[in-house]
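In full-length UniProt numbering, the protein residues as written are 1 to 341.
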């Protein structure tokens, strides 16, 4: 499931109601702001001292690249609900941007980001100017998980992402780490890294937050013109169409690869039965959309991004609308394909 934002009038009504009935809450200490490793260490030590002799309790981290929106706020709220201490990191990671990508124009809104962190009860914000040398000698590798889907279009992206995530886990020393499900491949890679390298942290996935019309929140949405924003809705429509096909496709559906009309890009399609029905339904929506240049549409296992024919699955799409590259996904369940039995 995804989280859908209330409309503007609904948000205004809720705010007015909250002002009328909300009891006064005890003031929280100001957010501690750390700009380098030494300041972070001092801020975390002060946070632990403030906890007193009972100990710090549970610490959570939410890693972001800034330009915070309601999707990030939902991560911070989820962390606040489950942890005694919440650390947010704000770092535009150059290691995960490839040549020709939007590193230089990626939105940077630190003052607004700090206001959101304060509103959501964050204890420490770590916003370093740099974490690694531009070309570190040692980097983590995402392996095969980082070579498909986004990795096929953005070589090295997941290696750079994991290198910085691992560093931030070491620096912040959390018990829980919260990441959005919208970046599904990133979440799979991080979970595998944490398991393989025994980080001792629990990775928590948080549902995608969407606008009322279905558009998944993304910091890159600010690049879209009003016309392009309307065109971008084809991604979420396609995903919903695919999920609906999974709900209605009989287990012995006889659709095969021939029905897909190039439904996948990364590899030759191998889907059949319900999986093929899902891809065909989503592809139909994308084929009819104006202004949407599809990079890939794939149906994969949520555990290892491999092929899936039955049970839990992820339907993922990536496309360019104008010059803006967008990704989205939806979770679904495929009925058993009796043809393959």
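Ideal placement from N, C-alpha and C gives every residue a C-beta, glycine not left out.
For residue 112, same chain residues with a beta-carbon under 8 Å away, outside a window of 5 residues either side, are 68 in chain order.
Collapsing the DSSP output to three states places residue 317 in a strand. The beta carbon of residue 169 sits closer than 7 Å to the beta carbons of 177, 199 and 201 from its chain, once the five residues preceding and following it are set aside; these are given in chain order. When DSSP states are grouped into helix, strand and coil, residue 97 belongs to the coil group. Residue 95 and residue 132 do touch by the CB rule: their CB atoms are close to 7 Å apart, below 8 Å. When the alpha-carbon of residue 140 is set against those of 100, 234 and 192, the nearest one is in 192. For residue 298, the enclosing beta strand (DSSP E) stretches over residues 292 to 300.
Secondary structure at residue 35: coil, using DSSP grouped into helix, strand and coil.
Residue 127 places its beta carbon less than 9 Å from that of residue 90.
Per the C-alpha coordinates, the member of 336, 323, 316 and 224 positioned closest to residue 329 is 316.
Selection 188, 130 and 242 evaluated against residue 283 yields 242 as nearest (Cα-Cα). Sequence-distant Cβ neighbours of residue 233 in its own chain, meaning closer than 8 Å and more than five residues away, are 213, 214 and 215. DSSP places residue 333 within a strand segment (E or B) once states are collapsed to three. In terms of Cβ geometry, residue 292 and residue 235 form a close pair [threshold 9 Å]. Judged by DSSP secondary structure, residue 237 falls within the alpha helix (DSSP H) whose first and last residues are 226 to 248. Sixteen is the threshold: since fewer than 16 other Cβ atoms of the shown chains lie within 10 Å of the Cβ of residue 227, the residue is exposed.
With contact defined as three or more Cβ pairs closer than 8 Å, the region 96 to 107 and the region 145 to 160 are in contact. Taking a contact as a CB-CB distance under 8 Å, the pair residue 125 and residue 305 does not count as one, their CB atoms being some 32 Å apart.
Taking every protein chain shown into account, the CB of residue 108 has fewer than 16 other CB atoms within 10 angstroms, so this residue is exposed. Between residue 123 and residue 32 the beta-carbon gap is near 7 Å, inside 8 Å, which marks them as a contact. Closest in C-alpha terms to residue 310, from the list 57, 318, 299 and 48, comes 299. Residue 314 is not a Cβ neighbour of residue 221, given a cutoff of 9 Å.
Sequence-distant partners of residue 64 (beyond 5 residues in either direction) whose C-beta falls short of 7 Å from its own C-beta, in its chain, are 72, 88, 89 and 90.
Between the beta-carbon of residue 237 and that of residue 285 there is about 5 Å, and that keeps the pair under the 8 Å contact cut. Within the region 124 to 203, the runs of beta strand (DSSP E) at least 3 residues long that lie entirely inside it are, in chain order, 124 to 126 and 176 to 180.
In this structure, the CA atom of residue 321 is about 44 Å from the CA atom of residue 42.
No residue range can be given for residue 289, since it is assigned to no alpha helix (DSSP H) and is classified by DSSP as neither H nor E. The Cβ-Cβ distance between residue 37 and residue 47 does not fall below 9 Å.
Per DSSP, residue 59 is one residue of the beta strand (DSSP E) stretching across 59 to 64.
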